[in-house]
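In my numbering, the protein residues as written are -7 to 316. Built from N, CA and C at the ideal position, the CB exists for glycine as well.
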Ligand code: BDR
Ligand code: CA
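Below you can see the structure in the form of structure tokens.
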């Protein structure tokens, strides 16, 4: 993997980026499919550099029974045999709230996929711990839903942070929000869980809303994506993207979660900066992330800042068209 992020950025966090996040290696993806989660899973499953060891599922965009069924269907459509484990139904504190306005009542914008198989045995948090403990090498975890499963895993065994090559999260926002005027959905859904991860002491990469709002699905990008191949997975991905409701403010629907997977595969398409990231857990500003550029030991995360969006969509098409 080649990282185009400047040396000064990587050095200021204490180690080269390639060493901190071993992208080419075993990965657990924690998700809440979710339209953009589905595309992120397909991008990962189409990419041989990423060995997806397990997919863990959390309630988020829709309730857990739906996100689980969606994850199973998304995997089954590719023919891959990756275990999918059910996780938390609700956040560490407070009530569960879904986002059907964006993702539809079924979580996949009404696009029907053939049902997948059965969930694998084992609860997400326990599976994450067991895999980290058993793995001879460090694992990367990608979190593209509320952080509950990952936080439960690390809260019970904080020492396992040392077994993480890194955590890549789609979460938070530097400015504004999409669920309130100051909070992004994943951070807002379970701020206490995000707080646990931010304090865990392992390398964190954050793909915040400011970054993912550059990955806009425009009509031109969608038609280029459709033209990238003739497989059923690419067709389903394009159908999902075509079915998304228009964004009230942006000239396209943001494709949030694939940015986190894209970072692992093509860091040359991103720029990033080290920062001190924290999250507000109080009711008045629930889920607001504070992202302050910082150097050296003061930084607890690498924050993705810009994306070469046209190249990213071309890459997405090239990869997803490899699937059946
Ligand atoms: C995040 O929230 C969900 O709606 C998306 O799947 C993404 O993970 C964006 O705020
Ligand atoms: Ca998600």
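query: For residue 102, I'd like the list of residues in its chain whose CB is within less than 7 Å of its CB, leaving aside the five on either flank, ordered along the chain.; result: 96, 235
query: Please report the distance separating the alpha-carbon of residue 305 from that of residue 22.; result: 23 Å
query: Using CA coordinates, which residue listed in 222, 126, 17 is at the minimum distance from residue 41?; result: 17
query: Any idea what DSSP makes of residue 197, helix, strand or coil?; result: strand
query: Leaving out five residues on either side along the sequence, give the residues of the same chain with a beta carbon under 6 Å from the beta carbon of residue 239.; result: 245
query: If you draw a straight line from the alpha carbon of residue 297 to that of residue 265, how long is it in whole angstroms?; result: 7 Å
query: Rounded to the nearest angstrom, how far is the Cβ of residue 66 from that of residue 92, given a contact under 8 Å?; result: Rounded, the Cβ-Cβ distance is 18 Å, inconsistent with contact.
query: Would you list, in sequence order, the uninterrupted beta strand (DSSP E) runs of no fewer than 3 residues that lie entirely inside the region 11 to 97?; result: 17 to 23, 42 to 49, 76 to 78
query: For residue 302, which residues of its own chain have a beta-carbon under 8 Å away from its beta-carbon, when the five flanking residues on both sides are left out?; result: 213
query: According to the neighbour-count rule (16 or more other Cβ atoms, all chains shown, within 10 Å of its Cβ), is residue 141 buried or exposed?; result: buried
query: Tell me whether residue 58 is buried or exposed, calling it buried when 16 or more other Cβ atoms sit within 10 Å of its Cβ.; result: buried
query: Would you list the one or two residues that DSSP bridges to residue 262?; result: 299
query: Mind checking whether the beta-carbon of residue 283 lies closer than 8 Å to any heavy atom of ligand 2?; result: no
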